[in-house]
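A.B. asks: Going by the working numbering, the sequence shown opens with residue 16, and the numbers climb by one from there.
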Amino acid sequence: MTDGVLLPDGRSLRLDATLAGRVRCGVLVARGPFGGNGEDLATLMARTADELRGRYAGAPPSTIEGLAEARALYRSFGMEPSRHRPSSEALLRRVLQGRDLYRLGCVVDACNLASLSFLLPIGLYDLACVQGDIALTVGAAGDAYAGIRKEDVNVGGRLALYDRAGPFGSPTSDSARTRVTDATADLLAVIMATGTLPAPQMEGRLDLLAGLLVRHSGAQVTWRRTLGPAEA
16 MTDGVLLPDG RSLRLDATLA GRVRCGVLVA RGPFGGNGED LATLMARTAD
66 ELRGRYAGAP PSTIEGLAEA RALYRSFGME PSRHRPSSEA LLRRVLQGRD
116 LYRLGCVVDA CNLASLSFLL PIGLYDLACV QGDIALTVGA AGDAYAGIRK
166 EDVNVGGRLA LYDRAGPFGS PTSDSARTRV TDATADLLAV IMATGTLPAP
216 QMEGRLDLLA GLLVRHSGAQ VTWRRTLGPA EA
């Protein structure tokens, strides 16, 4: 495994030294044009939501085994997941409340379906809107970015992705600045977990995400890597 890689366009993506041993990420780059059969994806999303309601109805998040990994990631950075939910837990909570999943286009919908399937947060970014090299690090005090459909997302003391212009993503929420839109040509997806998640398990989650993107958005997955601690 590694703590830094070069993306296909030559930019670097690295885990900050302060995260050594603490974080494992699955990263992929996919190229458009994006488009797919919305009805097939909608059916799969509805079926997945029904299965999750049947499995976890009435269960507190702290008792749902699949949420433990993302919750451990948050606690390792001093965040209480009941107050600042991982995006994957927020999706599951919406489903268990009987509410429909957001329909935000085939790319975002496929990523949300993957996140619900393995209950880890996925950041999704338009590479054309990311400025320069990328680092996953702990945010500086006072740092924040404009979220999607919400107020500023505070990343001070919390896990966050930075580029030359500042923070643009976290396991809680993506940013308005780098959000994926209908005009996106190349996207970056980042799955986040603790450093104790075995690398083969992260590879399996990348497989699932890549498969959903290819099948339901027409994406070409052009590159993928796992970042994090080496294993014996």
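Even for Gly, the Cβ is constructed at its ideal location relative to N, Cα and C. Please read these numbers as outputs of a predicted model, since none were measured by experiment.
#1: Check residue 204 in the structure and name its three-state DSSP category.
#2: Who are the near neighbours of residue 200 in its chain, counting only those whose CB is closer than 6 Å to its CB and skipping five residues on each side?
#3: Specify the secondary structure class of residue 216 as computed by DSSP and reduced to three states.
#4: Quick one: any contact between the region 140-149 and the region 180-193, if contact means 3 or more CB pairs under 8 Å?
#5: Can you tell me where the beta strand (DSSP E) with residue 40 in it begins and where it stops?
#6: Looking at the secondary structure, which residues open and close the alpha helix (DSSP H) in which residue 69 lies?
#7: May I ask you to list the residues that DSSP assigns as paired with residue 152?
#8: With a threshold of 8 Å on Cβ separation, who are the neighbours of residue 20 within its own chain once the five nearest residues in sequence on each side are excluded?
#9: Thinking C-beta only, is residue 96 closer than 8 Å to residue 109?
C.D. replies: Taking the coordinates as given:
#1: For the purposes of this step, residue 204 is taken as residue 189 along the sequence shown, with counting starting at 1. Strand.
#2: Walking along the sequence shown from the start, residue 200 turns up at place 185. Exclusion of the five residues before and after residue 200 leaves 47 as the residues of its chain whose Cβ lies within less than 6 Å of its Cβ.
#3: Your numbering for residue 216 matches position 201 in the sequence shown. In this structure, residue 216 counts as helix in the three-state DSSP scheme.
#4: Counting Cβ pairs under 8 Å, three or more are found: they touch.
#5: Numbered from 1 along the sequence shown, position 25 holds the residue referred to as residue 40. Here the beta strand (DSSP E) through residue 40 covers 38-46.
#6: For the purposes of this step, residue 69 is taken as residue 54 along the sequence shown, with counting starting at 1. Counted as a single uninterrupted DSSP element, the alpha helix (DSSP H) harbouring residue 69 occupies residues 53-71.
#7: Taking the sequence shown and counting its residues from 1, one reaches residue 152 at position 137. The partner list for residue 152 (beta bridge, DSSP) reads 175.
#8: Start at 1 with the first residue of the sequence shown, and residue 20 comes out as number 5. Here the set comprises 27, 28, 29, 42, 240 and 242.
#9: Residue numbering aside, residue 109 sits at position 94 when the sequence shown is read from its first letter. Residue numbering aside, residue 96 sits at position 81 when the sequence shown is read from its first letter. No, these two residues do not count as a Cβ contact at 8 Å.
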